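For reference, the structure discussed in these notes is given below.
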Amino acid sequence: MREVLKKIVSDVSLEARWLKTVSLLEYVGSRKISKTVGQKYPSLDILEHLNDETRHAYAFAKLSNSLAQNQEISSLCAEEGLHYFQTLDKSLSGWVTQLLGHEDMYANYLFVTCAIERRAMSLYPYYQSITPHLFVRDELRQVILEENTHRKPIEEKISQILRKYGREDFSECQAIEEKLFTEFSDKIQSYLSKIDKTLLAFGIRQSS
C-alpha cells in the first residue's frame, strides 16, 4: 500500500479522490457505531468515538474539496473500499459470535474498531509523511492523535475478552483484516495501472 500511496500523492486529482474515499469509510464507521452500540444512549467513551469518526469524515471531505478546488469529483475505488469495510465487519462479527457462543453487539464493535484503527495507524502516519500538502499533514496529525486516544482502552477490553476465552492475542482477527485489505489495495493498484496505460496511449503524463 505504500507504493499505492506514493502514486496517489504524485497527482493532486488522485489525492483528492483518495481523500473522498477515506472520508466515506470514516462516515461508514461512524454510521455503524450509531446503528449498533449507539442505538440506546451510549457511554461517554462511545459518544467520543462517534464524534471523532464523524469529524474525521467531515475533515477528509473538506480536504478533498480543497484539493479538487471545489470541483465535483468521484471517489477512488469507493465500491471496493465499502466492500472491504462491510466484509470485515461481517467476518469479524461472525468470528466474535463464534468465540463467545452468542451475539454481542458491543464486542463486535470493539473487535471491528480495533482492526480498522490498527489499519488506519499503519496508513495515516506514512500518508502524513509523504503528502506534499501542509494542510493535509496538519489534519492527519490531529486525526492520528484522536485515533490513538480511544484505541488503547478498546484494545485493553479486547485483551480481557480474549484471555477469558483462552485466546492469546488478536492475530486471527488481524489475519482476516490483512487478507481483505490486501484485496482492496490490489484493486486500487490495478485501477491506477489502468490509468497509466490510458495516459500512455494518449501520450499524456500525470502531473507531479
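In my numbering, the protein residues as written are 92 to 299. We put the CB at the ideal spot given by N, CA and C, even for glycine. Note that the structure is predicted; figures quoted are calculated from it, not measured.
To which residues of the same chain is residue i closer than 7 angstroms at the C-beta, ignoring the five residues directly before and after it?
| i | result |
| --- | --- |
| R305 | Since the first residue of the chain shown is 92 and the last is 299, residue 305 is not available in this structure. |
| G129 | I137 and L141 |
| H147 | E117 and V234 |
| A211 | E238 |
| F176 | L116 and V119 |
| T178 | L271 |
Check the C-beta distance from residue i over to residue j and give it rounded, since I have them as a contact under 8 angstroms.
| i | j | result |
| --- | --- | --- |
| S121 | A152 | At roughly 12 angstroms, the Cβ-Cβ gap does not stay under 8 angstroms, so S121 and A152 are not in contact. |
| A206 | Q265 | 7 angstroms |
| T112 | N199 | Not a contact, Cβ separation roughly 24 angstroms. |
| V234 | Y215 | 6 angstroms |
| E237 | D143 | 5 angstroms |
| E230 | A159 | Not quite, the Cβ-Cβ distance comes to about 15 angstroms (not below 8 angstroms), so this is no contact. |
Within 10 Å of its beta-carbon, does residue i have 16 or more other beta-carbons around it, so buried, or fewer, so exposed?
| i | result |
| --- | --- |
| I279 | buried |
| L170 | In the sequence on display, residue 170 carries Glu and not Leu. With fewer than 16 other Cβ atoms within 10 Å, it is exposed. |
| H140 | buried |
| K285 | exposed |
| S155 | buried |
| K270 | exposed |
| K123 | buried |
| S213 | exposed |
| F275 | buried |
| E208 | buried |
| S225 | Residue 225 is actually Leu in this sequence, not Ser. By the neighbour-count rule (16 or more Cβ atoms within 10 Å), L225 is not buried but exposed. |
First and last residue of the alpha helix (DSSP H) that includes residue i?
| i | result |
| --- | --- |
| T178 | A169 to L191 |
| D143 | L135 to L158 |
| S114 | V103 to K126 |
| M212 | M196 to I221 |
| S250 | L225 to K255 |
| I99 | R93 to V100 |
By Cβ distance, which residues of its chain are closer than 8 angstroms to residue i, with the 5 residues on each side in sequence left out?
| i | result |
| --- | --- |
| E263 | W186 |
| L283 | V95, K98, I99 and L105 |
| L201 | I245, K248, I249 and I252 |
| D195 | V187 and T188 |
Here's a check: name, in chain order, each residue in its chain whose Cβ is nearer than 6 angstroms to the Cβ of residue i, leaving out the five neighbours to either side.
| i | result |
| --- | --- |
| S182 | I267 |
| I99 | L105, E106 and W109 |
| I164 | A107 and R108 |
| L190 | Y256 |
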